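**Q** In our numbering, the protein residues as written are 440 to 1021.
Sharing a structure here in structure tokens format.
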């Protein structure tokens, strides 16, 4: 939802003898109307103003420690069970809806999708040797299923026959067309694939697990195979002769995922015991580290391709990043509203992709992706830069960096991403006032613009942190644009009469602890609205005024009738009447 910026701030103006004057306040340029004791600002231009605060985040540009949700891919009707990169611009996903999706990551749009049967698909794999086809696996009612399709049009190339129960996991040997599969029949099978899947047969079957095989993965050099099972063990295999070379014990529940570090010196395993274990594959008697922090089953693992970072996805709806050398927790990525089933990095680690039971795929990028100004930090300046391009398309000349989610248009979704980054290291309830410093860049964002952004964010149900950040920007801009009121005043609520909610505006001549009390006509206290310590200024817009939802302290809607509201600000007290009409 887009809006056109309007550099004129519309407000009520007293009918009086007026004269125009230019006023400079703290870096703002104002067109003011001067009358009998009132000043009404008609234009707020954020000129040479940098809004910096404790929310300012210094940016380690190439760091993999901070990743932010920048895009959401929607299309699956049910849980997303697996994702894989065909290349850095194409993502393949599959879910329990048995639909294979191909996504163009340059645009965020689906290229195409196709149904691949009536089976529940649990995993997919694409060979680094030949990305022209994708293999997918699953099953239904104890019937195994491994299919193979072209990646350019989804044309089915056939099926692999051999397992006797549902297939849970797939992995290609690096640089080859040799495939490993793990199944509920407790076995791992190795296949030498040809273009005609019907002619492909398993060349070896690995036996040893005592229960379902949930995960298989080749070592980076292709000389070893690791597997995880419902029997709570991780096993290492020699795929050339099928020998089980090691059994890694320690997990107390099903092992859902195993992953090798890019150099092959670390092996990670994830389990329904809510832990991750890091192993030295040459010394498997005990794990190097046990990583704890998830509060649900750990379903999926992926090592960063160039840094010592391990990502994990869990049924607790989060992704965690860990130091793969020390086992220390680095960051928690939140946003999914269902368990995270699958994660994958692109080739250089600049993009992390996750699939979830909330039926969506989320894309996570480093902090550099939201540094819109390119100055090495993420601050309110980045929000303003997005705002200056708001409603524009990249084709029509918008700053491409302002189109954070790369959908071709600068809109509320881009603002939300940047606002989250600004707030990433600041507590939501922080009361610290932004510090104002000068910057050689000129801006022309108005308070009306920011109010519209807040409304747009509310329309798309943005999280409360985003709204708070935008309201802070509005508060600072409004406070700078308006002189400090000479008197503290309680103003008329609006709308009035109302049903069910109303806003109670006021202005403060000096900072004060502010509380609003709601009473019945006979004086009974209905609700107390503690607003906290508020700076001097005008609190008149919906974004700033006190808000009452028409409910009492127990959350019950109050009856129609006359009510009174009292503002207490320091030593100041005033009362006005309002009417609820239902």
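Note that CB positions come from ideal geometry on N, CA and C, so glycine has one too.
Just so it is clear, the structure is predicted and the values come from calculations on it, not from any experiment.
If you draw a straight line from the C-alpha of residue 998 to the C-alpha of residue 938, how long is it?
**A** Taking the straight line joining both Cα atoms gives about 10 Å.
**Q** Report the option in 764, 745, 737, 766 whose CA atom is closest to the CA atom of residue 758.
**A** Closest option to residue 758, Cα to Cα, is 737.
**Q** Between the segment 954 to 966 and the segment 1000 to 1007, can you find at least three pairs of beta-carbon atoms closer than 8 Å?
**A** Yes, the segment 1000 to 1007 is in contact with the segment 954 to 966.
**Q** Given a cut-off of 7 Å on the beta-carbon distance, is the pair residue 607 and residue 621 in contact?
**A** Closer than 7 Å, so yes.
**Q** Under the rule that 16 or more other beta-carbon atoms within 10 Å means buried, what is residue 781, buried or exposed?
**A** It counts as buried.
**Q** Nearest by alpha-carbon distance to residue 564: which of 966, 551, 585 is it?
**A** Taking only the C-alpha atoms, the option nearest residue 564 is 585.
**Q** Use the C-beta contact count for residue 817: other C-beta atoms within 10 angstroms, 16 or more gives buried, fewer gives exposed.
**A** Label assigned to residue 817: buried.
**Q** First and last residue of the beta strand (DSSP E) that includes residue 804?
**A** 799 to 805 is the span of the beta strand (DSSP E), which, as asked, contains residue 804.
**Q** Taking buried to mean at least 16 other C-beta atoms within 10 Å of its own C-beta, is residue 686 buried or exposed?
**A** Under this definition residue 686 is an exposed residue.
**Q** By alpha-carbon positions, which one of 672, 968, 537, 823 ends up nearest to residue 692?
**A** Out of 672, 968, 537, 823, 672 has the C-alpha closest to the C-alpha of residue 692.
**Q** What three-state label does DSSP hand residue 497 in the structure shown?
**A** Because the pLDDT at residue 497 is just 37, under 50, the model does not fix this residue reliably, and the value given afterwards should be weighed accordingly. Note: residue 497 maps to strand in three-state DSSP.
**Q** Distance check for residue 509 and residue 990, CA to CA, integer angstroms please.
**A** Distance between the alpha carbons of residue 990 and residue 509: 37 Å.
**Q** Just how far apart, CA to CA, sit residue 569 and residue 616?
**A** Going from the Cα of residue 569 to the Cα of residue 616 covers about 7 Å.
**Q** For the segment 693 to 705 against the segment 666 to 680, do three or more pairs of beta-carbon atoms, one drawn from each stretch, fall closer than 8 Å, so that the two count as touching?
**A** Flag = yes, the segment 693 to 705 and the segment 666 to 680 touch.
**Q** Taking residue 946 as part of the beta strand (DSSP E), name the residues at either end of that continuous run.
**A** Unbroken beta strand (DSSP E) run through residue 946: 945 to 947.
**Q** Just curious, the alpha helix (DSSP H) that residue 820 is in, first and last residue?
**A** Start and end: 819 to 827.
**Q** Would the beta-carbon of residue 984 fall within 7 Å of that of residue 943?
**A** For residue 984 and residue 943, yes; Cβs fall inside 7 Å.
**Q** Distance check for residue 612 and residue 526, CA to CA, integer angstroms please.
**A** Cα-Cα distance, rounded: 17 Å.
**Q** Would you call the segment 743 to 758 and the segment 772 to 779 touching, i.e. three or more CB-CB distances under 8 Å?
**A** Yes: the two stretches touch, three or more of their Cβ pairs being nearer than 8 Å.
**Q** Thinking just about the alpha-carbon of each residue, which of 741, 710, 719, 655 is nearest to the one in residue 731?
**A** Residue 731 has its Cα closest to that of 710, out of 741, 710, 719, 655.
**Q** Can you have a look at residue 600 and say buried or exposed, based on whether 16 or more other CB atoms are within 10 angstroms of its CB?
**A** Under this definition residue 600 is an exposed residue.
**Q** Could you pull the start and end residues of the alpha helix (DSSP H) that residue 854 belongs to?
**A** Segment 851 to 861, the alpha helix (DSSP H) holding residue 854.
**Q** On the CB-based measure, 16 or more other CB atoms within 10 Å of its CB, does residue 783 come out buried or exposed?
**A** Classification of residue 783: buried, given that the 10 Å Cβ count is 16 or more.
**Q** For residue 502, I'd like the list of residues in its chain whose CB is within less than 8 Å of its CB, leaving aside the five on either flank, ordered along the chain.
**A** At residue 502, the pLDDT of 40 sits below 50, so the modelled position is not reliable and the matter cannot be decided from this model.
**Q** Taking Cβ to Cβ, would you say residue 541 is nearer than 7 Å to residue 550?
**A** In this structure, residue 550 lies closer than 7 Å to residue 541 by Cβ.
**Q** Report the three-state DSSP secondary structure of residue 841 (helix, strand or coil).
**A** Helix at residue 841.
**Q** In terms of alpha-carbon separation, which member of 579, 801, 980, 573 lies closest to residue 556?
**A** Ranking 579, 801, 980, 573 by Cα distance to residue 556 puts 579 first.
**Q** Where do the N-terminal and C-terminal ends of the beta strand (DSSP E) with residue 682 fall, by residue?
**A** Where residue 682 is concerned, the enclosing beta strand (DSSP E) stretches over 682 to 687.
**Q** Taking the straight line between their C-alpha atoms, what separation do you get for residue 808 and residue 964?
**A** Cα-Cα distance, rounded: 51 Å.
**Q** Going by DSSP, what residue range makes up the beta strand (DSSP E) through residue 523?
**A** Its beta strand (DSSP E) spans residues 519 to 526.
**Q** Quick check: does the Cβ of residue 519 come within less than 6 Å of any heavy atom belonging to the ligand MN?
**A** Ligands displayed in this structure: none; no statement on the ligand MN is therefore possible.
**Q** Tell me whether the segment 840 to 848 and the segment 820 to 828 touch, counting them as touching only if at least three CB pairs, one residue from each stretch, are closer than 8 Å.
**A** Judged by Cβ distances under 8 Å, the segment 840 to 848 makes contact with the segment 820 to 828, as three or more pairs qualify.
**Q** Can you pull the DSSP bridge partners for residue 753?
**A** According to DSSP, residue 753 bridges with 737.
**Q** In whole angstroms, what is the alpha-carbon distance linking residue 786 and residue 609?
**A** Taking the straight line from one Cα to the other gives about 19 Å.
**Q** Determine the burial state of residue 490: buried for a count of at least 16 other Cβ atoms within 10 Å of its Cβ, exposed for fewer.
**A** Low local confidence applies: a pLDDT of 39 at residue 490 is under 50, so the model's placement there is unreliable, with the coordinate-based value given in what follows. Buried.
**Q** Can residue 978 and residue 933 be called in contact, C-beta distance under 7 Å?
**A** In this structure, residue 933 does not lie closer than 7 Å to residue 978 by Cβ.
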